[in-house]
Structures are given as structure tokens and as C-alpha cells.
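Chemist:
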Amino acid sequence: MSKILIIDDDLDILETTGSLLEYEGFEIHCADTVEKGMEMIGTLAPALILLDVMFPEKKTRGFEAAAEIKSKYPKIPIFVLTAINREYAFNFDKKDVPADEFINKPIKIDRLVKLISNYVGGPSERA
Amino acid sequence: MQIPRLGSKIDSSEYTDLTRVVSWFILLRWIAAAGVLITLVFVRFRLGYPLPYTLLYSLTGVLCLINFLFTLYYLAVKRKNLSRGELAVFLHVQIICDYVLLFFLIYFTGFLENPFAYFFVFHIMLTSFLFTSDIVLIYVSSLIVLFVAAFLSEYLHVIPHYPLSGGVDPRYLRLYLPRAIGLCSTLTISAYLISNIKRRIAEKGRRVEVELNRYKELDRIKSNFILQVTHELRGPIAAMNGYHEMLIRGIGGKLAPRANELVHKANLRTDNLLQIIDEMIDYAYMKSEEEVRYVKSAVNVREIIDYQLDIHSSQAVQKNIQLIADCPQELFLHSNRDLLNIILSNLINNAIKYSPESTTITVYSDAVPGGSEVAEIHLTVEDQGYGIEPEELQKIFEEFYRTRKARELERDGTGLGLPIVQRAVECLGGRLTVYSELNKGTTFQIFFPAGGEDEQNSNHRR
Chain A
2 MSKILIIDDD LDILETTGSL LEYEGFEIHC ADTVEKGMEM IGTLAPALIL
52 LDVMFPEKKT RGFEAAAEIK SKYPKIPIFV LTAINREYAF NFDKKDVPAD
102 EFINKPIKID RLVKLISNYV GGPSERA
Chain B
-11 MQIPRLGSKI DSSEYTDLTR VVSWFILLRW IAAAGVLITL VFVRFRLGYP
39 LPYTLLYSLT GVLCLINFLF TLYYLAVKRK NLSRGELAVF LHVQIICDYV
89 LLFFLIYFTG FLENPFAYFF VFHIMLTSFL FTSDIVLIYV SSLIVLFVAA
139 FLSEYLHVIP HYPLSGGVDP RYLRLYLPRA IGLCSTLTIS AYLISNIKRR
189 IAEKGRRVEV ELNRYKELDR IKSNFILQVT HELRGPIAAM NGYHEMLIRG
239 IGGKLAPRAN ELVHKANLRT DNLLQIIDEM IDYAYMKSEE EVRYVKSAVN
289 VREIIDYQLD IHSSQAVQKN IQLIADCPQE LFLHSNRDLL NIILSNLINN
339 AIKYSPESTT ITVYSDAVPG GSEVAEIHLT VEDQGYGIEP EELQKIFEEF
389 YRTRKARELE RDGTGLGLPI VQRAVECLGG RLTVYSELNK GTTFQIFFPA
439 GGEDEQNSNH RR
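So the sequences go chain by chain: A and B. Letter 77 of the first sequence, counting from 1, is numbered 78 in the numbering used here, and no numbers are missing. Letter 92 of the second sequence, counting from 1, is numbered 80 in the numbering used here, and no numbers are missing.
1. Could you compute how far the alpha carbon of A32 (chain A) sits from the alpha carbon of Q216 (chain B)?
2. Could you give the distance in angstroms between the alpha-carbon of Q444 (chain B) and the alpha-carbon of S285 (chain B)?
3. Does DSSP put H232 (chain B) in a helix, a strand or coil?
4. With 8 Å as the threshold, decide whether the Cβ of N212 (chain B) is near any Cβ in chain A.
5. Could you tell me whether the Cβ of A226 (chain B) comes closer than 8 Å to any Cβ of chain A?
6. Hey, how far is the Cα of V54 (chain A) from the Cα of R392 (chain B)?
7. Can you name the residues that DSSP bridges to F13 (chain B)?
8. To which residues of the same chain is L332 (chain B) closer than 8 Å at the C-beta, ignoring the five residues directly before and after it?
9. Among B:L262, B:F320, B:I309, whose alpha-carbon lies nearest the alpha-carbon of V289 (chain B)?
10. Would you mind working out which of B:N55, B:F436, B:I189 sits nearest S323 (chain B), comparing C-alpha positions?
11. Does any CB atom of chain A fall closer than 8 Å to the CB of H268 (chain B)?
12. Please say whether Q410 (chain B) and F432 (chain B) have beta carbons closer to each other than 8 Å?
13. Beta-carbon within less than 6 Å of I182 (chain B)'s beta-carbon, same chain only, minus the 5 sequence neighbours each way: which residues are those?
14. Which residue wins for smallest C-alpha separation from I14 (chain A), given the options B:G230, B:P357, B:P316, B:T402?
15. Cα separation between L381 (chain B) and I330 (chain B)?
16. Going by Cα to Cα distance, which pick from B:L311, B:P151, B:L420, B:H145 is closest to I408 (chain B)?
17. Show which residues of chain A have a CB atom less than 8 Å away from the CB atom of R233 (chain B).
18. Going by DSSP, what residue range makes up the alpha helix (DSSP H) through D259 (chain B)?
19. Looking at the C-beta of V115 (chain A), does it have a partner C-beta in chain B at a distance below 8 Å?
20. At a CB-CB cut-off below 7 Å, which residues of chain B make contact with I14 (chain A)?
21. Leaving aside the five residues before and after N102 (chain B) along the sequence, list all residues of the same chain whose C-beta is less than 8 Å from its C-beta, in chain order.
22. Are the beta-carbon atoms of M41 (chain A) and L82 (chain A) separated by less than 8 Å?
23. In chain A, what lies closer than 7 Å to G193 (chain B) by C-beta?
24. Flag this pair as yes or no: are the beta carbons of L175 (chain B) and F110 (chain B) separated by less than 8 Å?
25. In whole angstroms, give me the CA-to-CA distance for A66 (chain A) and T218 (chain B).
26. Can you tell me whether D266 (chain B) is buried or exposed, with buried defined as 16 or more other CB within 10 angstroms of its CB?
27. Using a Cβ cut-off of 8 Å, pull out every chain A residue sitting near G418 (chain B), in sequence order please.
28. Given a limit of 8 Å on CB to CB distance, which residues of the region 289 to 316 of chain B reach chain A?
29. Counting along the chain, where does the alpha helix (DSSP H) carrying Y143 (chain B) start and finish?
30. Let me make sure I understand the geometry here. Which of B:D298, B:T97, B:Y62, B:R399 has the alpha-carbon closest to that of T7 (chain B)?
31. Can you check which of these residues, A:V35, A:Y24, A:K59, is closest to L51 (chain A) by C-alpha distance?
32. Under three-state DSSP, which class holds C31 (chain A)?
33. What residues match up with D354 (chain B) in a beta bridge as DSSP calls it?
34. So A168 (chain B) packs on F135 (chain B), CB below 8 Å; how close in whole Å?
35. List the endpoints of the continuous beta strand (DSSP E) containing K341 (chain B).
36. Would you report the Cα separation of T44 (chain A) and N212 (chain B), rounded to the nearest angstrom?
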């Protein structure tokens, strides 16, 4: 069963996205701060990480976290979750952020499952 | 260093294009030289005044020669973009030459007897327009000193007087002293008036600028406010949407069919609300353009079209609308991905909303050949929808305007979709056209310049 780690400070997003992905057959782990998330990657070795961009400490904390994670664990795919999927909102260039996908919130679960499958294998391989 | 000091003395906030002033001066001088020559010939052969014509022709020759040199210099430095300091020096040299030459022309043609002495007023006016009042003061006082010195020297016979006609009048001083005073005061007053009027205009200009900045600041605050609010709204709605999805999937217990239908409806409305919020965010961003940086890069148009058609496919399926992409696989545009997505998303969304069931929407894109090389790339969204009333067609790009059909079909809506498209097209340096026929369909066509600049930030930065 593919392990997916969700890092987001919004507990509702953790609950909803987590439950929906669990329902789809993934093993879900949640962290509500970047620090906790970083710790969990080491012990958990997730197959994929869903990472929020905006954290209370900084508007673009997620982008920095993506770079930190990629430098330590270059093989784990990272999906960045943005409140609004517009580069200009954060004054950044997608090329500068080492994320594999950018997902617009609210997450359309069918679309997310399809994308995750591209990286960690389709539903048939999950169980 | 004298050059920067002189440059800073130029007072031409409203006449910033000094290069054009220089070329204008040169042109005026050619006209003046021709005028002098014609006048001299007329005075000599028609009026027969006994004047030192050889000397006067030589002076006119000098004027032409100097202007020829000015012209050469101007043409040589035209492309070099002289600094304001260097241009100021060039202007000063020209003005001094003009003053000296005009003085001699007047002196040898009767001096104060000659009504053309008042031509100095024009020179003072031009000087006052170009330079700050202290520089003008130096010019005016030098001229007055020169006039008084020459007039007294003539009276005391230190230098000869060249009468305009006949011999030297013994009452020269008594006759021409009032004229000397009149001329000097005219020069002073015109310099004062011009400097004063110019200062008032500049003051008004500054006030307008202050007001303009204030409005820009207010607009920025407003946009930031909308942005902040909409961002805050998006979070809770995203969570709400997630809970709806959980309910629909029966996580937490299977719902009765009616309950499922109700949650489904609630979900549709939150989607609708999200779309409105997104429009407002896009709109606010585009309004606070000074802070927004649109990074341009090579964008594969086909990829964007496919992505947008994919996103809108479920919406289209509900109405049995067929979405077609007609675009080469490899078509690149130097553009901003976000803005292209916004443009297409809005146009496709509108096309689906305003089309009856079982119709087709086609998104075309290709190079528009212009001459030998590719000049433009077009992006076209064509539907077989209800169309837009001719009288409404010109209003659809107005902020918050919603057509009758739009209000009839959907209660909620910001009326910002097309203004956003238009603004995004502008930001990308493109142009937008729309054709529509009632009950036949609507076509939005956008032309983008192909290729494009290499600079990273296009139009908008602080």
C-alpha cells in the first residue's frame, strides 16, 4: 500500500484529503508543520508527499520545504498544493520550485488520484 | 565640472525631449538666415538704405556656416543619446551664437533705429522656456549691459553708429533713449512672465502627479484588500468542498439518495462560489499590476489547450458538448502560462455555459503567416452557442457587466470573466477580437506576437 504524507497546517484539509485518499486505498500520514513533516519523512519513507505552500510562519514556506526535501530525498515525488494555482500570486517561477506537480485547492480527488497513480502506480497496484 | 551643473539647470520637465528642441532650433535658424538675406536684398535694392552690405552678407554667411556646423554635429550625435548635460551645453552654445550674431546684425543696421531689435524678445522667450530663472537672469542682464554699453559708446563716438537711413541724427541719445529703456524693460518683463507662467504650469503638473499617485495608492490598497479577503475565503471553501466529497462518497455512512442529491447540489454551489472568488482574485491581481511580475517563457500552446479542455471536460459532458482542439503538437509562444490558462479557462467556460446541448466547441491555434516570416499566433475559441446581442457586444468587456442571457442562465456571476481575459491579453501584448451571431455562435480570437522579447519580466513591474 503506497504511503502518502500530507503536510498542511489546515487540519480540515488534512482530514478531508486524508480520508478521501484513504478511501481510494492509500495509506495516509499527516503533519501540520513543515518540521514535523520533515521528521516523518525519515522514519516513514513515504512514496509521495503532498505539501501545502502557505504556512503561518511564511507565505512561501512550502516552496522552501520542497527544496529541502528534494535535496535530502531526491526520489520522493512532491505535489505542491497551492491555495490558488497562479504563479504570480507568489511571485515565483515554477521552474525554480523542485515540485513534481502543482495542485490547485480545492483538490478534485479524481484528478489527484489519477496524478498520484502516474507516480506511484495505479489503483490495481495499491493493495 | 561644468557640464552636470548646466544640465541640472535645464528646466524642461514638460519639454523633456531636448533633442527635438535642438533640431527645432536648427530649423528655425535656417528660416531666420533666409529671412535676413531676403530682407537685406529688399532693403538694398528697393529702399536703397546705405548700409555696410558686404559686412551684413558676411554675417549672414557666418550664421549659415555656424548652423551648418550645428546640423553636422546634431546628425553625428543624434543616435548617441547625449546626456542632458551635453545637450544643455550644445543649447547654450547655440543661444550665445544667436545672441551675438543678432546683436551684430542689429548694430550694423541702425541699432536702436532698427525695429528688428525687438527680435531679442523671442530669444529671451525661448531661453526662459528652456532654462531655470537664474540662467535666464544671466542672459537678460548680459544683454542689457551689452545694449547700454553699445548705446553709450555710440553716443560718445567710441564706436561708429550705422544709421538706417540718411546721416547720424545729432539728437540720437534724446530720440532713442526711451526706445533703449523700452527694449530693456520688454526683455526683462517677458523673461519674468514666461518664467512665472512656466512655474505655475509646473506646479499644476506636480499637483496632478501627487493626486494621481494618491489614486494609484488607493487602488492598490483596494486590490490588496480584495486579494486578502478572497484568499481567506478560499481556504474554508476548499475544506467545505472536501467534506462534501467525503459525504458524496459515503465516507462516514452511506447517504440516502435524496441526501446525496442535496449534498451534490451544495457541492455545485460551492464550486460556483469558488469560481467567483477565483475571478475576483485574478481581477485584483491584474488591477494591482505594478506588483505583479508575469514571467514569460516558451509555452507549448497545445499543452495548455489540452490541459484546459481536460479540466472542462466533465462540465462539457453534462451538456453533451464536444470539445475539440485544433492545434499543431509543437506550437510555442513566448508567453506567461498563468495568463494563457486564465484566458482559455474563461473563454472555454463561457462557451460551455452559453451553448445549448449537443453542440461543438473548438479551440484553434496556429501561426498567422505575415509576409515571409511568422508574425503572429492566433488562439481562437469558437462555439455554436446562443450568441451575443449586437447591442450587448460592445459592453461585454465592461467590468461587472452581465448579458441578459447570462443573468437568465445563471444567477451568480461576477461579470469579470471577459474583462479579465481582455486585461490578460493586454498584459501579453496581444489583441482580442470577437464575432457573434445570435443562435449561431460566438468566436473569440486572440492574436499574440510570435517570438517575443527575451526579457524575463514583461510589462509589469514596479
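Even for Gly, the Cβ is constructed at its ideal location relative to N, Cα and C.
Modeler: Well, looking at it:
1. Rounded to whole angstroms, A32 (chain A) to Q216 (chain B) spans 26 Å at the Cα level.
2. At Q444 (chain B), the pLDDT of 42 sits below 50, so the modelled position is not reliable and the matter cannot be decided from this model.
3. helix
4. For N212 (chain B), the answer is no, since every Cβ of chain A falls outside 8 Å of its Cβ.
5. So, interface residue.
6. 40 Å
7. BP columns for F13 (chain B) are empty, so no partner.
8. I292, I293, Q296, V351, L367, V369
9. B:F320
10. For the residues B:N55, B:F436, B:I189, the minimum Cα distance to S323 (chain B) belongs to B:F436.
11. The residue asked about is misnamed: residue 268 (chain B) is Met in this sequence, not His. No, no contact with chain A.
12. No, these two residues do not count as a Cβ contact at 8 Å.
13. M113, S116
14. B:G230
15. If I take the Cα positions, the gap works out to 21 Å.
16. B:L420
17. It is Glu, not Arg, that sits at residue 233 (chain B) in the sequence shown. Those within 8 Å of E233 (chain B) in chain A are T17, L21, I110.
18. 245 to 275
19. The identity of residue 115 (chain A) in the sequence shown is Lys, whereas the question assumes Val. Not one chain B Cβ lies under 8 Å of K115 (chain A).
20. A226, A227, G230
21. I94, L152
22. The beta carbons of M41 (chain A) and L82 (chain A) sit no closer together than 8 Å.
23. Under the 7 Å cutoff, chain A gives no residues; its nearest Cβ is about 33 Å from G193 (chain B).
24. no
25. 25 Å
26. buried
27. Within 8 Å Cβ-Cβ: nothing; G418 (chain B) doesn't reach chain A, min ~17 Å.
28. Result list empty, no residue passes.
29. 121 to 143
30. B:Y62
31. A:V35
32. strand
33. B:H366
34. 6 Å
35. Where K341 (chain B) is concerned, there is no enclosing beta strand (DSSP E), although the alpha helix (DSSP H) it sits in stretches over 325 to 341.
36. 42 Å
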